[in-house]
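Going from the sequence shown to the working numbering is simple: count from 1 and add 628.
We put the CB at the ideal spot given by N, CA and C, even for glycine.
Since the structure is predicted, the reported quantities are computational estimates derived from the model, not experimental observations.
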Amino acid sequence: MRSYTASVTPSPIIAPSILASDFSRLAEEVHAIEGAADWAHVDVMDNHFVPNLTIGLPVVQSLRKATKIPFDVHLMINDPARWAPAYAEAGAYNVTFHAEACDDPVALAKTLRAAGAKAGLAIDRDTPVEPYLELLPYLDTVLIMTIKAGFGGQKFLPEMLDKVRDVRRRVEVGGLEVRIEVDGGIAADTIEQAAEAGADAFVAGTAVYGAADPAEAVRKLRAQAAKHMGI
Ligand code: DX5
Ligand code: ZN
629 MRSYTASVTP
639 SPIIAPSILA
649 SDFSRLAEEV
659 HAIEGAADWA
669 HVDVMDNHFV
679 PNLTIGLPVV
689 QSLRKATKIP
699 FDVHLMINDP
709 ARWAPAYAEA
719 GAYNVTFHAE
729 ACDDPVALAK
739 TLRAAGAKAG
749 LAIDRDTPVE
759 PYLELLPYLD
769 TVLIMTIKAG
779 FGGQKFLPEM
789 LDKVRDVRRR
799 VEVGGLEVRI
809 EVDGGIAADT
819 IEQAAEAGAD
829 AFVAGTAVYG
839 AADPAEAVRK
849 LRAQAAKHMG
859 I
């Protein structure tokens, strides 16, 4: 049973994406991975930054009361400076906003930290990571999209792992404490290469909620990642 406290040795974070769960039974679906997963990944989409529309603050606020698992909120929205702090105030553990949607990522990261959350920066498929490497000291997580943000169930793009390698190199050289998260198409056949590239947090939607036993799917992904994490 995971107790949701920080561990001393780096171990993989497995974050099932509730986007792939049954929205009519959201609390039950989160309970199904509680105890096995580290974080629940919550995909917020606004039909502007991405074409899709999912869930927002009221759902996060309600769900927060229904479980103890930390929430990893992934904001695929425009104007995150306006909306993101409310997710921190609603009790999200980590709030990730997109580089493409934000003029001043450092300022927003500081605001999120001041509101009691970890701060994450997401890099979409078509965005290079280099310009953002110097921001790493202000961040707790960097989320490298391994698909184009917007929909679950897409095919993993292995060429995105070069970005993971770049971030990992900079984190190691700088002795930084930054989680490197991958999101999109993470499953039994892709998680090992992502771990080898230097990722240490893994979002998985379809691979977890499409499985007959979601908790068991999480445990298997964790074992695979742990074996291949070179850190
Ligand atoms: C898509 C979301 C992902 C999605 C992943 O933009 O950010 O978190 O739920 O789903 P899978 O694991 O099915 O690719
Ligand atoms: Zn996501």
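Buried or exposed: which applies to residue i, given that a residue is buried once 16 or more other Cβ atoms fall within 10 Å of its Cβ?
| i | result |
| --- | --- |
| residue 791 | buried |
| residue 731 | exposed |
| residue 690 | exposed |
| residue 699 | buried |
| residue 822 | buried |
With DSSP as the reference, label residue i as helix, strand or coil.
| i | result |
| --- | --- |
| residue 858 | coil |
| residue 819 | helix |
| residue 642 | strand |
| residue 739 | helix |
| residue 668 | strand |
| residue 724 | strand |
Please identify the residue among the options whose C-alpha is closest to the C-alpha of residue i.
| i | options | result |
| --- | --- | --- |
| residue 643 | 823, 822, 811 | 811 |
| residue 832 | 652, 651, 670 | 670 |
| residue 841 | 773, 665, 640 | 665 |
| residue 704 | 648, 767, 776 | 776 |
| residue 778 | 639, 645, 640, 641 | 645 |
| residue 788 | 679, 655, 769, 813 | 813 |
| residue 640 | 835, 830, 844 | 830 |
| residue 753 | 742, 736, 771 | 771 |
If you follow the alpha helix (DSSP H) that residue i is in, where does it begin and where does it stop?
| i | result |
| --- | --- |
| residue 764 | No alpha helix (DSSP H) contains residue 764, which DSSP labels as neither H nor E. |
| residue 794 | 789-802 |
Span of the beta strand (DSSP E) holding residue i?
| i | result |
| --- | --- |
| residue 809 | 807-811 |
| residue 750 | 746-751 |
| residue 771 | 769-773 |
| residue 685 | Not the beta strand (DSSP E): residue 685 falls in the alpha helix (DSSP H), residues 685-692. |
- Quick one, what's near ligand 2 if you take every residue whose CB is closer than 6 Å to any heavy atom, in chain order? 645, 669, 671, 702, 811, 831
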